[in-house]
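Engineer: Have a look at this one.
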Amino acid sequence: MKGTNVKSRPSLCHNLLLITACITNLISCFCSTAKAVNLPDSAKLLPPETVFVIDVKDFGKLDANFKKTNFYRLYKDPQMAAFVEHAKAKWHEKIKEIDENNFLRALADAGIWPQGRLTMAFVDIESKDINETPMLFIAQWGTNVSKIKETVSKSMEKNIELGGHKTPDINFQGIKIETAVDEQKTPFGYCFIDDTFISGTSIEAIKFALAQIKGATSPTLADDNNYLNTAKAIGLQNDMTIYINISHLIKKELAKDAQGRLQTTFSNLGVDRIGGFGAALEMAPTPAEPYKVKALLKINGSKTGILKALEPKTSALNVPRFIPADTASVGLFNLDMKQSFDEMIKVLTMFNPSIASILYNPLTQPGSDGTPGLTVKADIIDHLSTGAVVIQLLNKPFSEKIPPSDYLVALATSNRNALEKSLAKLHEQMLAANDPEAKRELLGHTLYLIKTGSMPFMRSRGATPMQQENEQPGTPKIPNVAFTVTDTHVILGFEASVEKAVRTLKASESLKDKRWFNQARASIPSQTGIANFENTQATAEFLWWLLKKSKDNPAGAGMSAPTASYLIDDTDLDFSLLPEYEKVKDYFGTSTFSLISADDGFYMESGMINQL
């Protein structure tokens, strides 16, 4: 709009990205399911140089499937009405702040949505007029085509009013491509073919798509081996798919590297063997599952570097007994710790042998009896086995005085006695030197304490150890860290959580006995490399508490859960309007994730199961 700061307004190039984000995330009740004309698969409309594509095969079908899920039922629940209506009002306020030539605003004002294909892609076609990677947008409108034509026409009129201008039309194989420049000097073009609207910031990309629709046989993304193999492996034909052409991005960066240094870096890390990443979403595959996602990180050739170091072994899951029954989520990793360490040393040695050699230096001084000092490899890593566990615990009732959420990390051991001897020596000489009270016995296990007040990075900013102990009442105090060694694992976390894990070994119930966990475990392959199980009903309660308290104390909410603070930053939504969690908890169930390493890459699956 004239008289406003141009830098504060997104260009039409950015608007197309916003359009896609809006459409794919606000799948609501606005669109019908009318049948649109058939188009070739989206990959057959895109050049091989496409670097990113998000594709919805049938927006009407996706919308219909979404309405079968608990997400939609939660949205429509009368208990949510106050919050939803407030959010809608804020959304409309934001829309009204956008310039009138913005296509996103035009769509919102018109209240129309695609009825068939919806595709957004970034294509690496050279364009002299823009510095960004060109964007291509394809959408089928079915019976709404006349409305979208009217909307586009009005948007173009506003573009001229606000400082943009029309440029000459282009006739390509009988199709008129209209072109223009927006008020920020960004060129763009668009056209209609039947009910399909094609637009973008590269006329060449638009021409390519049109040529393919007309029957051209030039190479496309669908002919790229990485894409083709990924599509065959996971089925890029579901409700919504994403593909990232990583190999092309790598080649593009390497082409700029005249000295070959980047090639060396990529080779050392092993990332030069990554082909691409594809993910396919199926919405409401069964009445009990809101969604399921399959994905593949395609690797060409054998895994090396960090890919080898982080490669899990495919085997049956080992669920340790010490995992507390009230665990909110647990990740199980079949990593061979010795192999991972050795591979990481190889990578580090290729970059800097001197730094790598430091990891073999003694951690402690030699003993008075002549015993050598401890080393990471011989005295710790060599006593570890295959298996790592990450556990999330929630401390209820939630409070700002103690961390509402904390984690335990456990590594499997092949030699408990040797590992505990090494860790005890390390604790005595480095982690808690001259502190006889820094360990205690519990149910046949020794808890080794690390007082966080003595660790500079765990104290309040600028506080000394004494100041930390004398902070004002009510100031959240970071608990002590502790570790212990069991017959199977070394466990590390906050003191109270480690104690809970030890007590669980003697308790009558652990996570293995919980219904939600066994329900989730049965939904993934029995042989896997990595698995994560989340009691979403429990974690959603924590998030609910966090959001509701953020209205009065946003800083405290961010401190309580820094990783979730992005949900409350820079938002004017009134989360205090959310109902009490007990009234909506049944909409939440369990979530799963699994990963298997295969010859052609890393296969992943994730999904959600309604609470039974």
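Note that the numbering used here numbers the sequence shown so that position 170 is 257, with each residue one more than the last.
Each residue gets a CB set at the ideal place from its N, CA and C atoms; glycine is no exception.
(1) Taking only runs that begin and end inside the stretch 427-475, name each unbroken alpha helix (DSSP H) of 4 or more residues, in chain order.
(2) Should Val268 be flagged as near chain D, meaning a C-beta pair shorter than 8 Å?
(3) Could you check the C-alpha separation between Gln452 and Ala525 for me, to the nearest Å?
(4) In the stretch 218-299, which residue ranges form an unbroken alpha helix (DSSP H) of at least 4 residues, counting only runs that do not cross its ends?
(5) Please state the DSSP three-state secondary structure of Pro372.
(6) For the stretch 362-382 against the stretch 394-403, do three or more pairs of beta-carbon atoms, one drawn from each stretch, fall closer than 8 Å, so that the two count as touching?
(7) What residue range is occupied by the uninterrupted beta strand (DSSP E) comprising Thr623?
(8) Determine the DSSP secondary structure at Pro97, reduced to helix, strand or coil.
(9) Give, in chain order, every unbroken run of the beta strand (DSSP E) that is at least 3 residues long and sits entirely within the stretch 312-355.
(10) When you compare only the Cα positions, how much space is there between Gly363 and Lys163?
(11) Please report the distance separating the alpha-carbon of Phe153 from that of Val577.
(12) Label Arg348 either buried or exposed according to how many other C-beta atoms from any shown protein chain fall within 10 Å of its C-beta, with 16 as the threshold for buried.
(13) Looking at the unbroken alpha helix (DSSP H) that takes in Ser703, where does it start and where does it end?
(14) Rounded to a whole number of angstroms, what is the C-alpha to C-alpha distance between Ile683 and Glu582?
(15) Considering only the beta carbon of each residue, do Thr220 and Val138 sit closer than 8 Å?
(16) Assuming contact is defined by CB atoms lying nearer than 8 Å, are Ala374 and Ala497 in contact in what I supplied?
(17) Roughly how many whole angstroms lie between the Cα atoms of Glu692 and Thr615?
(18) Is it the case that the Cβ atoms of Thr533 and Asn567 are separated by a distance below 8 Å?
(19) I need the DSSP call for Gly616, collapsed to helix, strand or coil.
(20) Among Gln624, Lys635 and Asp659, which one has its Cα closest to the Cα of Met696?
(21) What's the C-alpha gap between Val572 and Ile537?
(22) What is the residue span of the alpha helix (DSSP H) that Val358 lies within?
(23) Return yes when the Cβ of Arg503 is within less than 8 Å of the Cβ of Asp423, no when it is not.
(24) Leaving out five residues on either side along the sequence, give the residues of the same chain with a beta carbon under 7 Å from the beta carbon of Phe57.
(25) Let's test the definition: count the other Cβ atoms within 10 Å of the Cβ of Tyr447 and tell me whether it reaches 16, buried, or not, exposed.
(26) Leaving aside the five residues before and after Asn631 along the sequence, list all residues of the same chain whose C-beta is less than 6 Å from its C-beta, in chain order.
(27) Starting from Thr206, follow the beta strand (DSSP E) in both directions and report where the run begins and ends.
(28) Need the endpoints of the alpha helix (DSSP H) that Ala168 sits in, please.
(29) Identify whether Val589 lies in helix, strand or coil by the three-state DSSP scheme.
(30) For Lys593, tell me which candidate among Leu530, Ala130 and Pro612 has the shortest Cα-Cα distance.
(31) By DSSP's criteria, Ile199 is part of a beta bridge. Which residues make up the other side?
(32) Does the count of Cβ pairs from the stretch 248-260 and the stretch 289-298 closer than 8 Å reach three?
(33) Grab me the residues of Gly427's own chain with a C-beta within less than 8 Å of its C-beta, minus the 5 sequence neighbours each way, in chain order.
(34) Please list, in chain order, all residues of the same chain as Leu579 whose beta carbon is under 6 Å from its beta carbon, the five residues on each side excluded.
(35) Tell me, to the nearest whole angstrom, how far the beta carbon of Leu383 is from that of Thr304; I am working on the premise that it is less than 8 Å.
(36) Along the alpha helix (DSSP H) that carries Asp150, what are the first and last residues, could you check?
Structural biologist: So, from the listed chains and residues:
(1) 440-445 and 463-466
(2) Within the model displayed, chain D is absent; a lone protein chain is all it includes.
(3) 20 Å
(4) 232-248
(5) strand
(6) no
(7) Note, Thr623: premise wrong, no beta strand (DSSP E); alpha helix (DSSP H) at Thr623 to Ser637.
(8) Confidence in Pro97 is poor, its pLDDT being 43 and thus under 50, which makes the residue's placement unreliable; the coordinate value appears in the next sentence. Note: Pro97 maps to coil in three-state DSSP.
(9) 327-331
(10) 38 Å
(11) 44 Å
(12) exposed
(13) With the chain covering 88 to 699 only, the question about residue 703 has no answer from this structure.
(14) 33 Å
(15) yes
(16) For clarity, residue 374 is Pro in the given sequence; the question names Ala instead. No, the pair does not count as a contact, with Cβ atoms beyond the cut-off.
(17) 11 Å
(18) no
(19) coil
(20) A small fix is needed here, since residue 696 is Ile in this sequence, not Met. If we check each option's Cα against that of Ile696, Gln624 comes out closest.
(21) 15 Å
(22) Premise fails: Val358 is in no alpha helix (DSSP H) and is neither H nor E.
(23) no
(24) Coverage of the chain is limited to positions 88 through 699, which leaves residue 57 absent and any answer about it impossible.
(25) exposed
(26) For the sequence presented, residue 631 should be read as Trp rather than Asn. So the list reads Tyr668, once near-sequence residues are dropped.
(27) Leu205 to Val210
(28) Ala168 to Glu184
(29) helix
(30) Leu530
(31) Looking at the DSSP assignment, Ile199 forms no beta bridge with any residue, so it has no partner.
(32) yes
(33) Note that residue 427 is Ser in the sequence shown here, rather than Gly. Closer than 8 Å at the Cβ level, and outside the excluded window around Ser427, lie Ala396 and Leu397.
(34) Val496 and Phe570
(35) With a Cβ gap of about 28 Å, Leu383 and Thr304 do not count as contacting.
(36) Phe146 to Phe153
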